[in-house]
Each structure stands twice: as C-alpha cells, then as structure tokens.
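Presented below is the structure to which this report refers.
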Amino acid sequence: MAVSAQKSKLLQIQELSMTYFPATGNPVHALDDVSLEVRAKEVLGILGESGCGKSTLATAVLRLLPANCKHQHGQILFRDHDLLTLSESEINRIRGREIALVAQDPALSLNPVMTVGNQIAEVLQPHVPLQSKQRQERVRALLGEMGFDQPSEIYVAYPHQLSGGQRQRVVIAQAVACQPSLIIADEPTSKLDPPLRADVIALLSRIHKQFGMAILLISHDPTLFIGFADRVATMYAGRIVETGNCKEIFARPLHPYTQALVRLAKSAATDSIKAKSHFPFIEGDAADLTVKGPGCRFEPRCAERMEICTCNVPPDFSPEIERSVSCFKYAE
Amino acid sequence: MNYLGRRLIRTVLLLVGVSVLCFLFTEMAPGSFFDDMRVNPQISPETIAMLRSHYGLDQPLIVRYGRWVKSALHADLGYSIAYNVPVAPLLWGRAQNTLLLSVTAMLLTWLIAVPLGVWTAARRGKALDKTTSIGVSLLVAIPEVVIAVALLAIAVRWRVLPIGGMKSEDLDGLPLWVRIKDIAEHMLLPVIVLTLVDSALVVRHVRAAVLEILEAPFVQATRGFGISRSRVLFRHVLPAAANPAISLFGLSLAGLLSGSLLVEVICGWPGLGPLILDATLSRDFYMVVGGIMVSTIFMLGGNLIADIVLTVIDPRIRTGAPDAL
Amino acid sequence: MPSSLTTDVSSSNPLLRVKALCKHYVRGHVWKKRVSIQAINQVNFEIAAGHTLALVGTSGSGKSTVARCITRLERPETGHIWIEGTDIARLGSRELSPFRRAIQMIFQDAITSMNPRFSAAEVIEEPLLIQGRSRAERREIAEALIQDVALSPGWLDRSVMEFSGGQRQRLAIARALTLQPRLLVLDEALSGLDLSTQAQIANLLLDLQSKRCLTYLLISHEMGLVARMADTVAVMANGQIVESGDLEQVLTDPQHMETKNLLASVKVTELKLAAGAPS
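Protein chains in written order, with the numbering used here: chain P, 627 to 958; chain F, 5 to 329; chain W, 976 to 1254.
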C-alpha cells in the first residue's frame, strides 16, 4: 500500500510539548517536541508502551487534558486551524463531529445508569439535528452496522448487562455516529481477550473502508497494526522516535527501540514452546518522564549507544523516503 | 420472596420491637401521671387508686401491652389522661400539622440544595464554592436550637412574622387564600430553620457525590463527544450521582419528621413536638407511646420510600448487577 | 467431559489437588425471582510441587472463580481442595489460617489490590503486622524482599502512587512472599502490562520459582506467556475443564474446539508478524 505524499494533511501536530504539574512531586514532561501528521483517509498507528505519553497525545488533540497540564509550545493543526487556540464552543463543535475519541476502557467510559442506546443518541444530539424518533432509528441502524443481531434489545440495555466485546462495539458506535473525519482509538483492545481483539480490529477496518475516515490507532501491541495500519510511528518517553510505512517498519525496524519491540513481539509466539524458558526483554526501566536529560531518552537502555547520544538529542533523520528515525546511527 | 416483600416484613418486626421498648421504658421511667395529685392533700389515695384502675394503669404491663396491640390494630391507640380524649384523633390532627411543616421544608431543601451541590462541585475552588462551603460549615456546627432561637429573636424584634401558633384568630368566613396566606406566614419561621439546617447537610453530600462522579472516565469520554458542560452535568453526571444522594433523601425525610419536633416546640407550631413533650413530662402514658409510634412510622416510611425510589431509579439495583449496592 | 482429553499428569505427591469443585452464584432481581448461575462445575486438576499449571480460557469461563475458591475467598459448595493432603474446602476460619499463609494470590491490576495511601514498606509489611513482628524485624524482611523483586530498598518509603504499573506488580509479589507461601495464584497478574514489563516480571517469577521452590497456578488468556511459563495446561470453558495435559501436548496437538479456537487466534497474529505481510 504505497502512501502518496500528496495526500492532504488532516491533522498536523507540530513540535508539541506538554507538561503535567502534579500537586506533589516533580513536573512530568509527557510530550516533548512531538511532530506527527495524519493524512486524510489513512490509518496511522502509534506504537509505544505505557508511560510514553501516547494517551496524553490522544487527549491533547481534543483538549481534554486536566487543568494541571500546561501547553509549553507547539501547535495542533486540524485543517489549518490550531485546535489549541479555539474557544470552548468551537472545540465542542469539533469533538464528536470531526474528531472522535474511542476511550481506553469501555467498562469505565460508559455511563452506568444510562442505556447504551441513549448514550449513542447523546453523541448525535449536539451535532445532528434530528427528531427524537429519527435519532432512535439512526442509533438502531448504527448498532446493526456494528454487528449486533438485536439492535432494539441492545438499545435498552445497560453497560453492565453487556459483555466486554459488546461494550467495545458500543463505544465504537459512539465514535462513528456523526461520521467524523478522524477517529482516535486509544488502546481499543488492551482490556479484551485475544480472540476478541481480532474482531475489534476487523470492525475498525470495515468502518474505515466504509466511511473513509482517518484512524489514529494507539497501542502497545505491535500485532494490531499489521495488515491494518498504513504508517506506524514509535513513541518513547514523550518523543516520536521512528515513523514509516507499516510493512517496512516491521520488516526492517531502524531505531533500536523499535527493533527491540519487534523482537519481543516475535518471541511471544507460541511456537517457541519451552517450559520455564526466560523471556527476552529490554534492559533497564521505563524512562522517567520527570527527568529531562540532555541526551537521547533511550540511550541508557540502548545496546548501540554512542558517545554523542549522551549529550545531544538526536534530530529526525530520513535515511530513506517516507522514513524518519530519531537516532544518531543514521546521521550522514 | 422478593426484596420488597422482605423489607415490609422487616418493617413490621421493627414496629413491634419499638412498641415493646416504648412500653418498657415509659413504665420504667420514674413517676406517673398522678404524682401531682398525690402531693395534693385534698385528694384522697382512694380517689387516685380509683382513677388509676379507671385508666387501666394498675394492670400488669403485659396485659396492658396485649390490649393496646389489639386496639391499635383497630386504629385505637388508647386514651389520653391529660386531655381526656382518645389518643388517635388528637395525634392524627397534630401529625398532619407536622407533615405540612416537614414536607414543605423537605421540598424547599432539595430544591435549593441539589442544584447548589451540583454547581459548587462543578465550580470547585471558585468563589461560589468557597462561600457556600463556609456557610454550610457554620450551619452544620451551630445547633438547630440556637438557629431557631436566633431567628425567633429577629422576628420578635422586627415584628415581621407572627410568633407561634398556626393560625390567627377570627379567620372564619374569610376567603381561602387569606387563610392559606395566614398559615404560610406562621409556617415561614420554622420552615426556614428546618430548611437551613437540612440543606447544609444535603449540599455537602450532593457535592461529594458529584465530585466523585466527575472523576470517572465516562465523564471525560462524554465531554469528548462535544456535549455541552451543563448537559453533561445535569443529564449524565447527576443521574449517576443520584444513588448516594437518594440514600440521604431517606435519612433526611426520616430525620426531618422526627427532628422537627424541637423546632416546633421553640416556634410554637402545633405539631407532634409540643404534644409529645407535654405527654412525656406529665407521664401521659398512652399519649407518649402513641406519639413515639407515629414518629417511628414516619421514619421507617421515609426510609422505605427512599429505598423504593432508589430501586426504581438506579438500573444497577433494579437489574441485579453484580457490583450494585 | 470425555476422559480421553484429560491426560493423567498426577505425580505421587501433588502440592495442590482439586476434585469435583462446584460453585454457583445467586443473581438478585428485585421484581423477579432470584437466578442461580453455575460458575464452576466438577473441576478437577492437580499441581505438583515446584510446577506451574496454566489455567486458560476466555472471560467468563470460570478461571477467576477457581482462583477465589482455592484461596478460600469464596467457599465452594461441593468438592475437595487438598493442600499437601489436607482438605481445606470447607474448613472454618480458625483452622484455615495456617493455610492462608501457604497460598497467596496476585491480582490483575496491582493498584486496585493495594491502599494508594500506603508506602511501599507498608504494603510489603502488612501481612507481618498480623503476625506481631517488631518494627525492626518487619523492616529487615521488607528490605530483603524488595531486593528480591529487583527494586531498590531506597524506595521503601515512597508512596505506592509514585511507582509505575509494573513496579507495583513487583510490590504485590513481594507482599505475597512475606509469609513464605508454597503456592502462588497468579490471576491474570501479567495482563494489561506492556510487552517489556510483562517479560521482566515473567522472568522474575521464573527466577523466584526456582529459588524458592514455589508452585504456580497461572491464570491467563495470553498463550504466549503460557508457552514459556507452564508445565501443564488446563483449558476451561463454561465452568468446566474441557482439556488438560502437558504443555507441549496441548499446544501442538489440541483436541477440543475451545483449545483450538484459543490457539487459532494467536496463530493468525503470529503469522502476520513473522511474514510482515497483510493477512
């Protein structure tokens, strides 16, 4: 799937830096000079482990960050408007209508005392002018498209009456309701059993083809992206360390961190059945976001670290077209 | 047997238990109605003994209890020695006055306190929240009695409201609205006291419940769909916060009905309060027992209503969710 | 359940042996009658000392109920649970206390199993308080344990909230080890962690197992973990064990539909990863 660079840029995040100032303790540099773009109708994956700032990125786009998170510098351009400078009512028009967020844990992101049908209808209410009956019809149709056999029964069910997989489909229905141009899916499968994960990705893939929206898929599980994402960006300690075409990145990862992740994913396969054999892992602990040293954030854990890595943050190099790596190995 | 059935049985058992304890404690309390008479040299001991047997007070306690239960089932709660009338009609009349006061105070409380609780939670730390917080702390700390007396003093000073009683004299023949206005004026003082005291507590609880819900992930998810702040607050957050608030509603109703007794006495409102007080002080046996039973019924009734409301409103309880209350 | 699917893996002296275990829950309805749900039905298995049994299956298959019955957080209606020969299935609380020390459980989300206001030391020392050890003794034990789980003793006084998810899970493991248990029940203890954290903690568990001769009941839906950690595997569906046997045998030659389904979904993603091509 060759990606044309002429495709219009839907979302452009430029040198975004965000820092949390918690009530006690040191400031947390959640996002550090993050630059990313999502093109229209493409599926972009963000691969990163917990604590790398990917959830902050997802919530930052829709300005849902808590008050103690301060924007240090950078812009988030959506169709050439900086989302960070919009007023509350302007950003409300974009939320749900142009950009929708599929939150992490469907068990927690649904209102326990409201029927799921009404919760989907509530998404339509501020954006799509419809009579109440028409709205209900629309919701039922949506539930049908999500693969529910009995949409009317599901409409009046409460979240606790549904299974984990069904709740996930409801949350996706909410995101798709107004047919936004961009859906941000933050760890959509991490709380589900392995057999259900493939179903969710298949659903996302189907609605991507059907509605043509761009999808920003965030996960720590590399296997989700294969066969679905067009491009993938790896994130570590609040920075984007590698971007490129999905197939290329997994076939030939360039950044040492990406290489390590791919190696780990491959070794988690069941064909290496051997009782009591140790798992390969990445040396060292996850990066501490409260500490902002002078050099590369991955350097302490990197097997190929060099002198220069300790004192300079590597810029983005482009060793090939449509590839960007933040590593001194590829300096010219 | 379903949940409600079991609740009703429990309620009945509770009433029986309370009635037994009532009898026991009233009997064990020192003195009797005739103590004043005994000191009076003009009344002979034989007269007192005759009066006692006339009112059945010389019978053993168990016999009296048995007869009381039998007649109570026919809505006859005995005879008042002090007022020389049957207990039940007198209680009922006074109970209506108490209900009028309590229900009005309760409605006002919740009309003011719920929105206030929600707003202060939504605007946490801002001016409204801070001033409300101070006001609430003051009201909770100052005893009800002191507030009642203070307001009473102000009313006396400035003569704005009638002091004591429920109606003015000579109102027969005047149109209905004049009579209603008159009652309202008399009611204003005790209602204000009750509302102030109760709403402080309710505001606190509603605020705490809403604050807890505001932390929940689904609130952020809802805002992420572009729904306006006020709609999120009242259409999404408040129903989820309703559960702890409604439990409080039950306690509040129960407490109001029994707690208004003190305010009634101070403000001179002719409700159950002054009646029970007088009866207790003069050892008017059946009146005391009757009054306490009515008070208990109100309290249990309040709790039961709250539980039913909660069951109807909270879908988690209604459908037997695993992690519901 | 056909007996041919269950290979006999009994050793002469299993640490844990479970037979005919049953448990049902009652779901209450306010308006209607109460409904009884059979969570587990006639569950049999055993684990030899120092071995790991993996209990796999989809959500709702009853794995967690088995865990809760074995640790006696719940009381099974019928069945036997033999720990080194003693049946603890229906013991009273006083007779049960020595066995509570012998079996410890580690839960899925570490933060939900510990008081967020505690420091790391308080979390680890909590079981020792019940034993009435002195403060110095408790501290000494906590320092040794926190090093055993590869965390620095200097962090003992940090609040639990300052630790990452993986580090908290290490604290949970340290806490579980304070009373020197024989059996650890790992109820999805490695789920929800990302790959490298999962790998590190799995390695830690493997090391602890050989160092302290621990026995593990590993409950998981991640077959990749099972493939490297377990000696034997039991597959659960609808409250019953549908297949069990040696690790290699079950994974390479599955018999039951459920096992095949579980392995099939994993195989697909593995193939994708190996080929790097769209499926």
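Note that CB positions come from ideal geometry on N, CA and C, so glycine has one too.
Judged by beta-carbon spacing, W:L996 lies beyond the 9 Å limit of W:A1023, meaning their Cβ atoms are not closer than that value. With a threshold of 16 other beta carbon atoms within 10 Å, F:I184 falls short and is exposed. Note on P:R665: 16 or more other CB atoms within 10 angstroms of its CB, so buried under the neighbour-count rule.
Under the three-state reduction of DSSP output, W:P989 falls in the strand class.
Contact between W:M1211 and W:V1160 does not hold, since their C-beta atoms are separated by about 14 Å, which reaches or exceeds 8 Å. Note that the C-beta distance between F:V292 and F:P278 is not below 9 Å. For the region 816-830 of chain P, the residues whose beta carbon sits under 7 Å from a beta carbon of chain W are, in order, S816, D819, P820, P821 and A824.
If you draw a straight line from the Cα of F:A283 to the Cα of F:F289, it comes to about 7 Å. Between P:I810 and P:V687, the CB-CB gap stays under 9 Å. Under the Cβ criterion (8 Å, minimum of three pairs), the region 190-201 of chain F counts as touching the region 87-107 of chain F. Nearest CB-CB separation between W:V1018 and chain P: not below the 9 Å threshold.
Using a CB distance cut-off of 9 Å, F:F229 counts as an interface residue toward chain P. Neighbourhood of W:A1085 in chain P, by CB distance below 7 Å: empty, with the nearest CB roughly 12 Å away.
Under the 9 Å criterion on CB atoms, F:Q224 is classed as interfacial with respect to chain P.
Contact annotation for F:H209 against chain P: no contact, minimum CB-CB distance about 18 Å [criterion: below 8 Å].
Remark: C-beta atoms of W:V1225 and W:R1150 do not approach each other more closely than 9 Å.
Between W:T1040 and P:F704, the alpha-carbon positions lie close to 49 Å from each other. Where W:S1072 is concerned, there is no enclosing beta strand (DSSP E), although the alpha helix (DSSP H) around it starts and stops at S1068 to A1077. Counting the other Cβ atoms within 10 Å of the Cβ of F:R98 gives 16 or more, which makes it buried. Contacts with chain P (Cβ-Cβ distance below 8 Å) from the region 1122-1141 of chain W involve E1137, S1139, G1140 and G1141, listed in chain order. Judged by their CB atoms, W:L1030 and W:I1194 are nearer to each other than the 9 Å cut-off. Taken through DSSP and simplified to helix, strand or coil, W:Q1215 comes out as strand. For P:R665, the uninterrupted beta strand (DSSP E) run begins and ends at V654 to R665, by DSSP.
Counting C-beta atoms within 10 angstroms of its own C-beta, W:S1219 has 16 or more neighbours from the protein chains shown and is therefore classed as buried. According to the DSSP secondary-structure assignment, P:Y862 is paired through a beta bridge with P:R865. Taking 9 Å as the cut-off, the beta carbon of W:L1120 is found no closer than this to the beta carbon of W:L1165. Judged by beta-carbon spacing, F:A249 lies beyond the 9 Å limit of F:V144, meaning their Cβ atoms are not closer than that value.
W:N1019 and P:K667 have their C-alpha atoms some 52 Å from each other. The beta carbon of W:M1204 sits closer than 8 Å to those of T1027, A1029, A1177, L1180, L1181, Y1191 and L1193, all from its chain and outside the five residues before and after it, given in chain order.
Contact residues of the region 670-702 of chain P toward chain W are E675, S676 and G677 (C-beta to C-beta distance below 8 Å). Counting the other Cβ atoms within 10 Å of the Cβ of W:D1206 gives 16 or more, which makes it buried. Any Cβ of chain W closer than 9 Å to the Cβ of P:S789 would place that residue at the interface, and such an atom is present. P:F907 sits in coil when the DSSP states are folded into three classes, being neither helix nor strand. Taken through DSSP and simplified to helix, strand or coil, P:N718 comes out as helix. Collapsing the DSSP output to three states places W:R1157 in coil. For W:D1162, not one C-beta of chain P is nearer than 9 Å to its own C-beta.
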